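Trainee: Residue numbering for the sequence shown follows full-length UniProt numbering, starting at 1 and increasing by one per position.
Before anything else, here's the structure in question.
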Amino acid sequence: MPAENPFAARWETPFRLPPFAAIKPEHIRPAFDAALAKHKAEIAAIVADKAAPDFANTIEALERAGRALSRVGGVFYNLTGADTNEALQAIEREMSPITSRHWSAIMMDEGLFARVDAVNTKRDALGLDAEQARLLERSYKGFIRSGAKLGPEDKKRLAAINERLAGLGTQFSQNVLKDESSYALFIADQAGLAGLPEFLKAAMARAAADRGKPGQHAVTLSRSIIEPFLTFSTRRDLREEAFIAWSKRGENGGESDNRAIVAEMVKLRAEKARLLGYPTFAHFKLDDAMAKTPEHVRDLLELVWKPAKARAAREAADLAALAQDEGENGPIRPWDWRHYAEKVRQKTYALDEAVLKQYLQLDRVRQAAFDVAGKLFGLSFAERPELAGYHPDVRIFEVTEATTRRHIGLFIGDYFARSSKRSGAWMSAFRGQRKLDGETRPIIVNVCNFAKPAEGKPALLSLDDARTLFHEFGHALHGLLSDVTYGSLAGTAVARDFVELPSQLYEHWFLTREVMREYCHHAETAEPIPEALIEKIEKAQTFNQGFATVEYTSSALVDLAFHSLEEPAQIDPLAFEAAELARLGMPAEIIMRHRTPHFTHVFSGDGYSAGYYSYLWSEVMDADAFNAFTEAGDVFSAAVAEKLKRYIYAAGDTRDAAEAYTLFRGRLPTPDALLEKRGLAG
Numbered sequence: 001m002p003a004e005n006p007f008a009a010r011w012e013t014p015f016r017l018p019p020f021a022a023i024k025p026e027h028i029r030p031a032f033d034a035a036l037a038k039h040k041a042e043i044a045a046i047v048a049d050k051a052a053p054d055f056a057n058t059i060e061a062l063e064r065a066g067r068a069l070s071r072v073g074g075v076f077y078n079l080t081g082a083d084t085n086e087a088l089q090a091i092e093r094e095m096s097p098i099t100s101r102h103w104s105a106i107m108m109d110e111g112l113f114a115r116v117d118a119v120n121t122k123r124d125a126l127g128l129d130a131e132q133a134r135l136l137e138r139s140y141k142g143f144i145r146s147g148a149k150l151g152p153e154d155k156k157r158l159a160a161i162n163e164r165l166a167g168l169g170t171q172f173s174q175n176v177l178k179d180e181s182s183y184a185l186f187i188a189d190q191a192g193l194a195g196l197p198e199f200l201k202a203a204m205a206r207a208a209a210d211r212g213k214p215g216q217h218a219v220t221l222s223r224s225i226i227e228p229f230l231t232f233s234t235r236r237d238l239r240e241e242a243f244i245a246w247s248k249r250g251e252n253g254g255e256s257d258n259r260a261i262v263a264e265m266v267k268l269r270a271e272k273a274r275l276l277g278y279p280t281f282a283h284f285k286l287d288d289a290m291a292k293t294p295e296h297v298r299d300l301l302e303l304v305w306k307p308a309k310a311r312a313a314r315e316a317a318d319l320a321a322l323a324q325d326e327g328e329n330g331p332i333r334p335w336d337w338r339h340y341a342e343k344v345r346q347k348t349y350a351l352d353e354a355v356l357k358q359y360l361q362l363d364r365v366r367q368a369a370f371d372v373a374g375k376l377f378g379l380s381f382a383e384r385p386e387l388a389g390y391h392p393d394v395r396i397f398e399v400t401e402a403t404t405r406r407h408i409g410l411f412i413g414d415y416f417a418r419s420s421k422r423s424g425a426w427m428s429a430f431r432g433q434r435k436l437d438g439e440t441r442p443i444i445v446n447v448c449n450f451a452k453p454a455e456g457k458p459a460l461l462s463l464d465d466a467r468t469l470f471h472e473f474g475h476a477l478h479g480l481l482s483d484v485t486y487g488s489l490a491g492t493a494v495a496r497d498f499v500e501l502p503s504q505l506y507e508h509w510f511l512t513r514e515v516m517r518e519y520c521h522h523a524e525t526a527e528p529i530p531e532a533l534i535e536k537i538e539k540a541q542t543f544n545q546g547f548a549t550v551e552y553t554s555s556a557l558v559d560l561a562f563h564s565l566e567e568p569a570q571i572d573p574l575a576f577e578a579a580e581l582a583r584l585g586m587p588a589e590i591i592m593r594h595r596t597p598h599f600t601h602v603f604s605g606d607g608y609s610a611g612y613y614s615y616l617w618s619e620v621m622d623a624d625a626f627n628a629f630t631e632a633g634d635v636f637s638a639a640v641a642e643k644l645k646r647y648i649y650a651a652g653d654t655r656d657a658a659e660a661y662t663l664f665r666g667r668l669p670t671p672d673a674l675l676e677k678r679g680l681a682g
């Protein structure tokens with residue numbers, strides 16, 4: 001690489017933070033090319049080693065290989081998710097097949113696998129410690145699951161499938177972003193704003209100004225705008241128009257339509273599973289998860305589906321009765337649910353979302369997340385405004401151990417929606433943790449899509465937004481607290497249906513009285529949240545849980561159904577989705593939380609494919625895990641927190657997930673606490 005390329009040398013920035021201001025799109029491809037070449041040379045050196053294969057010269061050597069590639073990818077893929085542009089998207093499309101071919105070549109290299117296999121064969125005689133044994137086990141299984149034992153023709157076909165899937169996944173996510181960022185429902189008159197609270201009108205005005213329509217208001221497809229609009233707008237025609245646009249992302253025809261992509265991905269995934277010796281793709285994915293089999297997953301999903309559907313039917317009747325009282329005699333439609341649910345909630349619990357938001361300031365909720373981590377795990381957070389992020393909205397915090405001031409890592413918060421950012425909320429890493437060859441501390445980022453406030457005004461969150469912030473910060477702590485030797489076992493590199501435990505568990509603390517009393521202060525008066533309002537929040541916790549559970553579980557069941565097909569022919573994704581929902585008896589008033597053409601969890605990569613159930617699987621554990629604190633009589637119990645940190649947050653993938661949970665809790669959980677938490681018990 002030319003010397004002026006920021007990736008050409010070690011970064012001498014504070015904490016070796018990427019020099020974002022210096023990194024331009026034209027630097028990315030040369031950096032990738034150089035890093036790929038270096039990785040190939042490192043792998044070739046391992047294969048050519050004349051010494052007999054052992055843990056150090058094969059498994060640890062593999063751990064060291066590819067660090068340059070991780071550095072480039074850590075920057076690039078975070079930018080393509082959080083602050084992309086046409087140039088970065090073009091590179092992303094170029095690199096998807098190239099990196100897929102690269103990894104297929106490594107994982108199917110006969111000479112390399114022969115060395116890994118030789119080390120694995122004599123594992124019991126190597127004197128490995130527990131983490132080394134786990135790394136060897138995971139490395140060996142990774143090669144097997146990547147096709148290392150296949151014959152030459154099957155390897156060639158599997159590599160072609162992987163390459164095609166990588167390209168399709170990239171295109172899928174870019175199509176969804178295109179549909180999201182290109183849509184806006186502009187409202188030019190006051191009549192179109194009927195029912196909307198001031199915080200939402202301010203966010204919509206800003207969104208319109210950002211899109212070149214100052215003086216108007218825009219409904220965008222960011223959840224921070226579309227969901228409150230559907231909740232508060234009294235204009236049913238506008239709710240319907242916005243809702244249909246939201247639900248039809250990825251199926252509008254033209255270049256951004258994802259239906260053909262889904263059909264091809266489902267077919268290719270099924271073929272991949274067969275090549276690797278599994279009856280379906282779901283069997284392949286779940287074999288490496290806590291659940292192990294599709295049958296176990298379906299059992300859990302159907303356990304909650306029946307009571308959730310019954311609960312949703314009662315909720316729908318309540319909404320219809322209220323709508324009738326207001327003169328709306330037609331059936332409740334999906335664009336009506338949030339609107340009337342909010343009215344029922346106000347009527348039943350006197351809990352008004354617009355009033356509640358005034359007590360949920362972004363800065364204070366984030367500080368609550370920081371301080372809970374301090375009480376549980378002894379961490380301290382200090383903003384470092386002199387450190388430059390990749391976007392002006394980004395804020396960077398140094399994380400230290402409160403008592404020793406030992407550096408733990410950097411935390412980056414990127415909270416506001418913008419058109420260059422994909423929807424949703426997530427945690428990622430610019431750099432992971434490891435101790436091999438010296439301590440390397442992580443750089444972790446949380447990305448959200450909250451509505452940006454007007455200049456000089458505080459950002460206000462909904463209750464769901466606040467829980468989302470705590471959720472993603474739970475993931476961040478999983479990365480920050482990681483304390484392992486080998487980077488490939490660090491942080492969130494755990495089974496997919498275990499990775500949501502630290503995040504979903506962390507949500508519980510926001511809703512404790514201890515946290516709400518201290519951090520929920522009114523944005524204008526600074527008065528703490530009234531005890532009566534906290535009581536209303538507590539009483540309303542199971543409100544609308546039929547809707548929420550049906551919305552989520554239907555998505556998980558459709559995901560599982562797609563990937564349980566043994567030999568899908570030319571599948572019509574929407575017809576398949578409709579048939580599966582009909583089989584389930586999906587209520588007409590509710591749609592899936594993520595309809596298939598924009599289901600990025602499942603089709604923008606392999607992440608949650610056949611794995612969207614993971615949130616519910618982890619919820620069984622998180623409900624039970626928080627009970628450990630309540631049973632101790634202290635939500636900040638030092639003894640329970642120490643075990644939680646040691647066996648869950650700091651341990652990465654150094655143990656089997658079931659073993660890790662049992663070490664923390666003394667046993668595996670049952671679904672009872674989950675059903676009670678969602679109000680579905682009995």
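Beta carbons are placed, not taken as given, at the ideal position from N, Cα and C, and that holds for glycine.
Values in this document were obtained by computation on a predicted structure and should not be read as measured data.
If you run the structure through DSSP and keep just helix, strand and coil, what is Pro307?
Mentor: In this structure, Pro307 counts as helix in the three-state DSSP scheme.
Trainee: Relative to the C-alpha of Thr404, which candidate in Phe430, Gly374, Arg418 has its C-alpha closest?
Mentor: Gly374
Trainee: Kindly identify the DSSP beta-bridge partner or partners of Arg431.
Mentor: Note: Arg431 sits in a beta bridge opposite Ile443.
Trainee: If you scan the region 172-244 from start to end, which runs of the alpha helix (DSSP H) of 4 or more residues do you find wholly inside it?
Mentor: 198-210, 223-232
Trainee: If you draw a straight line from the alpha carbon of Leu200 to that of Arg364, how long is it in whole angstroms?
Mentor: So the two alpha carbons sit approximately 20 Å from each other.
Trainee: What does the Cβ neighbour count give for His471, buried or exposed, with the cut at 16 atoms within 10 Å?
Mentor: buried
Trainee: Indicate whether Leu135 and Asn120 have their beta-carbon atoms separated by less than 9 Å.
Mentor: no
Trainee: Going by DSSP, what residue range makes up the alpha helix (DSSP H) through Tyr615?
Mentor: 614-632
Trainee: Report the three-state DSSP secondary structure of Ile412 (helix, strand or coil).
Mentor: strand
Trainee: If you pair each beta-carbon of the region 538-547 with each one of the region 239-255, do three or more pairs fall below 8 Å?
Mentor: no
Trainee: For the region 354-362 against the region 629-649, are there 3 or more C-beta pairs whose distance is under 8 Å?
Mentor: Short answer: they don't touch.
Trainee: Would you check if the distance between the CB atom of Gly81 and the CB atom of Pro597 is smaller than 9 Å?
Mentor: no
Trainee: Once you ignore the five residues that flank Lys267 on each side, which residues in its own chain have a CB closer than 6 Å to its CB?
Mentor: Pro568
Trainee: Between which two residues does the beta strand (DSSP E) carrying Val399 extend?
Mentor: Val399 -> beta strand (DSSP E) spans 395-401.
Trainee: Within the same chain, show all residues whose beta-carbon is closer than 8 Å to that of Lys645, passing over the 5 residues directly before and after it, in chain order.
Mentor: Leu376, Phe377, Leu481
Trainee: Using only alpha-carbon positions, find the residue among Glu386, Thr400, Pro18, Asp352 that is nearest to Asp371.
Mentor: Thr400
Trainee: Determine the contact status of residue 689 and Leu557, defining contact as a CB-CB distance below 9 Å.
Mentor: What the structure shows of the chain is the stretch from 1 to 682, and residue 689 is not part of that stretch, so it cannot be assessed.
Trainee: Counting only runs that start and end within the region 53-77, where is the alpha helix (DSSP H) found for 4 or more residues in a row?
Mentor: 61-64
Trainee: Going by the beta-carbon positions, is the gap between Pro528 and Arg513 smaller than 9 Å?
Mentor: no
Trainee: Enumerate, from N- to C-terminal direction, the unbroken alpha helix (DSSP H) stretches of 4 or more residues contained entirely within the region 328-412.
Mentor: 334-349, 353-357, 362-377
Trainee: Out of curiosity, what's the CA-to-CA distance linking Ala495 and Asp288?
Mentor: 7 Å
Trainee: What's the C-alpha gap between Glu12 and Ala133?
Mentor: Each residue's alpha carbon lies about 35 Å from the other.
Trainee: Would you grab the beta carbon distance between Glu507 and Gly456 for me? Rounded to a whole angstrom, and I think it's under 8 Å.
Mentor: Actually they do not touch by this definition, with Cβ atoms about 30 Å apart.
Trainee: Specify the secondary structure class of Leu319 as computed by DSSP and reduced to three states.
Mentor: helix
Trainee: Output the distance between the C-alpha atoms of Lys50 and Arg655, rounded to the nearest integer angstrom.
Mentor: 32 Å
Trainee: Straight-line CA distance for Phe229 to Tyr552?
Mentor: 21 Å
Trainee: In its own chain, which residues sit with a C-beta less than 6 Å from the C-beta of Val484, not counting the 5 before and 5 after it?
Mentor: Only Ala490, Gly652, Thr654 meet the Cβ criterion.
Trainee: Distance, Cα to Cα, Ala395 vs Ala476?
Mentor: Here residue 395 is Arg; the residue named in the question, Ala, does not match the sequence. Spanning the two alpha carbons is a distance of roughly 14 Å.
Trainee: Flag Ala184 as yes if its beta-carbon sits less than 9 Å from any beta-carbon of chain C, otherwise no.
Mentor: Here chain C cannot be found, since the structure has a single protein chain.
Trainee: Opposite Phe450 in the DSSP bridges: which residues?
Mentor: In the DSSP assignment, Phe450 is bridged to Phe416.
Trainee: Secondary structure at Leu275, three-state DSSP: helix, strand or coil?
Mentor: helix
Trainee: So what's Leu511 in DSSP terms, helix, strand or just coil?
Mentor: coil
Trainee: Can you tell me which of Arg16, Pro307, Pro334, Leu387 puts its alpha carbon nearest to the alpha carbon of Ala588?
Mentor: Nearest C-alpha to Ala588: Pro334.
Trainee: Just to confirm, are Ile43 and Ala65 a CB contact at a threshold of 9 Å?
Mentor: yes
Trainee: Just tell me which of Leu158, Ala56, Asn175 has its CA closest to the CA of Gly127.
Mentor: Ala56
Trainee: So what does Pro528 bridge to, in DSSP terms?
Mentor: Answer by DSSP bridge pairing, in chain order: His521.
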